[in-house]
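K.L.:
Offset between the sequence shown (1-based) and this note's numbering: plus 42.
Ideal Cβ placement from N, Cα and C applies to all residues, glycine included.
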Amino acid sequence: MALADYAVPAVLLRDHIVLNAPPSARRLHRHSDCYMPENFMCSASPVSRLDPPKQAAPRNAYLVGTGIAALAAAAYLVKEGGLSGPNIVLFEQMEQFGGSLDAHGNPKDGYVMRGGRMFEEKFNSTYDLLSFIPSIADPSKSAKDELMEFHQEFFWNDKARLVSGGQIVDVSDLGFSERDRLDLIALCAAPESVLDVRTIQDWFEPHFFRSNFWFIWSTTFAFAPWHSALEFKRYCLRFLHLFSTIDTMAGIYRTQFNQFDAMVRPIVAWLKARGVRLEMGAEVTDIDVVIEGRQKTATRLRYRQGDEDRAIDLAERDLVFVTNGSMTSDTSYGSMNTVPVLNTERNGGSWRLWERLAAKSPDFGCPAVFVSKIDQSKWESFTVTADDSSFFDRLEAFSGSRAGKGGLVTIKDSNWLLTVVLNRQPHFYEQPENVWVWWGYGLFPDKPGNFVQKPMSECTGREILIELLSHLRFTESIPHILDTSRVIMAMMPYITAQFMPRVRTDRPKVIPEGSRNLAFIGQFCEIPDDVVFTVEYSVRAAQTAVFGLLDVQRPVSPFYKGQHDPRVLFDAWKTLHRH
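1. Tell me which residue opens and which closes the beta strand (DSSP E) that D355 is part of.
2. Since E555 and D405 should fall inside the 8 Å C-beta cutoff, what is the C-beta to C-beta distance between them, to a whole number of angstroms?
3. Consult DSSP for R159 and reduce its assignment to one of helix, strand or coil.
4. Which residues does DSSP list as the beta-bridge partners of T327?
5. Quick one: give me the first and last residue of the beta strand (DSSP E) that E321 is part of.
6. Taking the alpha-carbon positions, what's the S74 to Q467 distance?
7. For H621, which three-state DSSP category applies?
8. Report the start-end ranges of each beta strand (DSSP E) in the region 369-442 that is 3 residues or longer and not cut off at the edges.
9. Let me know the alpha helix (DSSP H) ranges lying completely inside the region 200-259, each 4 residues or longer, listed in chain order.
10. State buried or exposed for T168, treating a residue as buried only when at least 16 other CB atoms are found within 10 Å of its CB.
11. Among the residues of its own chain, which have a CB less than 7 Å from the CB of P497, if the five just before and after it don't count?
12. In angstroms with no decimal places, state the Cα-to-Cα distance between Q209 and S403.
13. Give every residue of the same chain whose Cβ lies closer than 6 Å to the Cβ of D429, excluding the five residues on either side of it in the sequence, and list them in chain order.
14. Less than 6 Å between C-beta atoms, sequence neighbours within five positions excluded: which residues of the same chain meet that for T297?
15. Which runs of the alpha helix (DSSP H) fall wholly inside the region 96-144 and span at least 4 residues, in chain order?
16. For V598, tell me which candidate among F161, E122, A145 has the shortest Cα-Cα distance.
17. Since Q337 sits in a beta bridge, which residues does DSSP pair it with?
18. Going straight from the alpha carbon of C501 to that of D151, what length do you get?
19. Just to confirm, are G407 and A400 a CB contact at a threshold of 8 Å?
20. If contacts are defined as beta-carbon pairs under 8 Å, then F575 and R549 qualify, I think. What distance do you get, rounded to the angstrom?
21. Could you tell me which residues DSSP pairs with E568 in its beta bridges?
22. Given a threshold of 16 other Cβ atoms within 10 Å of its Cβ, counted over all protein chains shown, does N389 qualify as buried or as exposed?
23. Looking only at its chain, what residues have a beta carbon closer than 8 Å to the beta carbon of D215, apart from the 5 residues adjacent to it on each side?
24. Does DSSP put L485 in a helix, a strand or coil?
25. Just to confirm, is the Cβ distance from D328 to R398 under 8 Å?
26. Over the uninterrupted alpha helix (DSSP H) stretch that includes F274, give me the two end residues.
27. Would H606 be called buried (16 or more neighbouring beta carbons within 10 Å of its own) or exposed?
28. Quick one, are the C-beta atoms of R223 and E247 less than 8 Å apart?
Dropping the structure here:
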C-alpha cells in the first residue's frame, strides 16, 4: 500500500490541530473522513465553543466480480471519482481474480487460457484505461504504450486465413453473391427494433454461410448462424473500417503477453498499491433493493465467504457495481487423456445473483434468455504446451508467417470448424525459453470429426491434436507432437451467451432507470450500438457506470462510428465487390 494512503488530513478539534498522526495512533471512524488519534484529550477552548463543521461520511464502493469490467470500474473510482482505495472492495467467488481474462499454468503440467481477446485501433475506452497502468514487463511505460509498441513489430499479416483440403484458400474473393451483398447492406440499414429475436440465418440465404466472408467473420468473432441478427449487425457497423483488411487481419492488435499477464495483473497491482481490497472466495448472493416509484436504491449487500453468511448495510452515499452473468461460468477442463464434462447446472454466482435481482424489477433484465440453450452458446477451446518448436516450425512454413504475425488459421472443411493461432513467444510472462504455447478452438464441438469419428466434446486432448494435424496434413509429425505436448481443453457452456437472440430489455441498462446507487457492468448490460464479447465493451460499461453514478465531469471515451466516414464506406463497398 502506498505511503500516501496513510496520510492524515489536518483535523480541527476546537483549538487543537493534529497533523499526520502515525497509523498506530489512529482509529478510523466509520462515518467520518477524519482519522483521530487514540487517547486524544480534547480540552474546551476559552476562545470558541463552535463545533467543528460536519463532514460527509466516506463513500464506499462495492464491486461484484474481478473481471476486467470490475477492475476498470475500481480504477476509475480512484482516478476519476476520488475515492480512497481502502473504501473500494471487490468480491470474487473464485480464488483467482481476472474473470474471463484468465491464464495460468506451468511448463510441467501445461498452460491454459480459455480465450484470447483481440484489439483494434478504435478501442478508445480500453486504451484510456491502459494509459495510466504500468506495464508488467517495464513499469516505466504504460500498458497502452507496451501494446502499441508491440503492434508496430508484430502486426498481423495473415497469409493462411482459411485452409481446406490441406491447402491455403485464396480469400481475395470473399465469395459473395449479389443477393448476399444486398442482404448484408439491408441488415446494416435495418433499425434494431425490427430485428429483436431474429437470428442471422433468418436474414440470409444458405449461400451466405458458404462464403469465405462468413468463415472469416464467424471465426474471428465466434458467431454461429443461430445467433442474434441484431448483434451481427452491430459488429458489421462497429468494425466496418476493418472490412478492407479482413483477409490479412492487419487491423487487429494483440497484447505482448496473454491478457491476464498484460492487463489483469498490472491493473490489480495498481489497485492494491492504492489500498483497494480484493475479497477472494466471497460470493455475493443477493442485494436488497428498495423500489419507490421509479427510484431504486440498493440498501444491503449479502455475501457468503467460507462457511459464513455476511451482510453489509449500505450507507446513503455507497455504490454497488454488479457484473451480471459470466460467459466463462461453469467451465470444465480436459487433458491429453481426459474429456471435459459439460456442466449444465449453473453454479456461477454471477448468474444466480442476476436471477435474484431480475426478480425484483424488469429494469434489471432477463438472464434466462441467455442461458436457456447451452447447445447454442457453448464451444470448446484448447491450449497446447510443447517441449519443442515442432508444431511452430511446421505451421510457420505452411502459412508463410512467423509466430505472432500470422493471425488466425481456420480449417474451413473441419466439421468442428477448428481455428488455431501461434502467438509470439513467450505468451506467458514467466514462460521458460524452451517451452512453446499455442491456442485453438472449435465452434461446433458436437459434430463428429472428419478424421476422429466422434464429437470434439467427447475427445481427449490427444484426439483433438490428431484431428487438427490430420487436417493440416502434418500426419508424419503426429507421433512426435503427441509425445512432446500437453493439451488442456476448456468446455464453456455460456461462452457466446451474449450473442443469443434477445429483445432490447433483456439486458439491463448500465445504470437502470431511477437507480441511485446500483449499476451493471460487464458483457450482459446494455450499451447502445457497441459490441459485446470485447474488452472494450466491459471497460466502456465501467466508465459509463462510474462517471454516471458519481457525476464525473468528463465524457465516456468517444465511440467510433465508421459508417459515418465516407472513406470507410467506400473501402467497405470495394471489399464487398472484390473478386
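P.N.:
The relevant details are as follows:
1. Counting from one through the sequence shown, the residue named residue 355 turns up at place 313. Here the beta strand (DSSP E) through D355 covers 350-355.
2. Here residue 555 refers to the residue found at position 513 when the sequence shown is read from its first residue. Here residue 405 refers to the residue found at position 363 when the sequence shown is read from its first residue. With a beta-carbon spacing of about 5 Å, E555 and D405 fall inside the 8 Å limit used to define contacts.
3. Position 117 of the sequence shown, counted from the first residue, corresponds to residue 159. DSSP places R159 in coil when its eight states are reduced to three.
4. Locating residue 327 in the sequence shown gives position 285, counting from the first residue. Residue pairing of T327 in beta bridges, as defined by DSSP: absent, with no partner found.
5. Sequence index remark: in the sequence shown, residue 321 carries index 279 (1-based). Unbroken beta strand (DSSP E) run through E321: 319-322.
6. Numbered from 1 along the sequence shown, position 32 holds the residue referred to as residue 74. Numbered from 1 along the sequence shown, position 425 holds the residue referred to as residue 467. Because S74 carries a pLDDT of 31, less than 50, the predicted location of this residue cannot be relied on, and no value is offered for it.
7. As a working note, residue 621 is residue 579 in the sequence shown. Three-state result, H621: coil.
8. Within the region 369-442, the complete beta strand (DSSP E) runs of at least 3 residues are 374-376, 421-428.
9. As far as the region 200-259 is concerned, its whole alpha helix (DSSP H) runs of at least 4 residues are 220-231, 242-245.
10. For this step, residue 168 is matched to residue 126 along the sequence shown. So T168 ends up on the buried side.
11. Taking the sequence shown and counting its residues from 1, the one referred to as residue 497 is at position 455. Here P497 has P487, D488, K489, P490 as same chain residues with Cβ atoms under 7 Å from its own Cβ, once five neighbours each way along the sequence are excluded.
12. Reading the sequence shown from its first residue, position 167 is the one you call residue 209. Reading the sequence shown from its first residue, position 361 is the one you call residue 403. Taking C-alpha positions only, Q209 is separated from S403 by approximately 54 Å.
13. Translated into positions along the sequence shown, residue 429 becomes position 387. T526, listed in sequence order.
14. Within the sequence shown, numbered from 1, the residue matching residue 297 stands at position 255. If we look at T297 and ignore the five residues flanking it on each side, its Cβ neighbours are L189, A304.
15. You should have 110-121.
16. Here the question's residue 598 lines up with position 556 in the sequence shown. The shortest Cα separation from V598 among F161, E122, A145 belongs to E122.
17. Mapped onto the sequence shown, residue 337 falls at position 295. Q337 is bridged by DSSP to E334.
18. Residue mapping note: residue 501 aligns to position 459 of the sequence shown, counting from 1. Residue mapping note: residue 151 aligns to position 109 of the sequence shown, counting from 1. Whole-angstrom Cα-Cα distance: 19 Å.
19. The count along the sequence shown starts at 1 and reaches residue 407 at position 365. The count along the sequence shown starts at 1 and reaches residue 400 at position 358. For the pair G407 and A400, the CB atoms are nearer than the 8 Å cut-off.
20. What you label residue 575 is simply residue 533 of the sequence shown in a count that begins at 1. What you label residue 549 is simply residue 507 of the sequence shown in a count that begins at 1. 13 Å between Cβ atoms; not a contact.
21. The sequence position of residue 568 within the sequence shown is 526, counting from 1. E568 pairs with K551.
22. Numbered from 1 along the sequence shown, position 347 holds the residue referred to as residue 389. Of the other Cβ atoms in all chains shown, fewer than 16 fall within 10 Å of the Cβ of N389; this residue is therefore exposed.
23. Start at 1 with the first residue of the sequence shown, and residue 215 comes out as number 173. So the list reads N254, R620, H621, once near-sequence residues are dropped.
24. Taking the sequence shown and counting its residues from 1, one reaches residue 485 at position 443. If DSSP states are grouped into helix, strand and coil, L485 belongs with coil.
25. Counted from its first residue, the sequence shown places residue 328 at position 286. Counted from its first residue, the sequence shown places residue 398 at position 356. Taking the C-beta atoms as reference points, R398 is found nearer than 8 Å to D328.
26. Walking along the sequence shown from the start, residue 274 turns up at place 232. Annotation for F274: the continuous alpha helix (DSSP H) segment containing it runs 271-280.
27. Along the sequence shown, one-based indexing puts residue 606 at 564. Looking at its Cβ environment, which holds fewer than 16 other Cβ atoms inside 10 Å, H606 is exposed.
28. By 1-based counting over the sequence shown, the position of residue 223 is 181. By 1-based counting over the sequence shown, the position of residue 247 is 205. Going by beta carbons, R223 and E247 fall outside the 8 Å limit.
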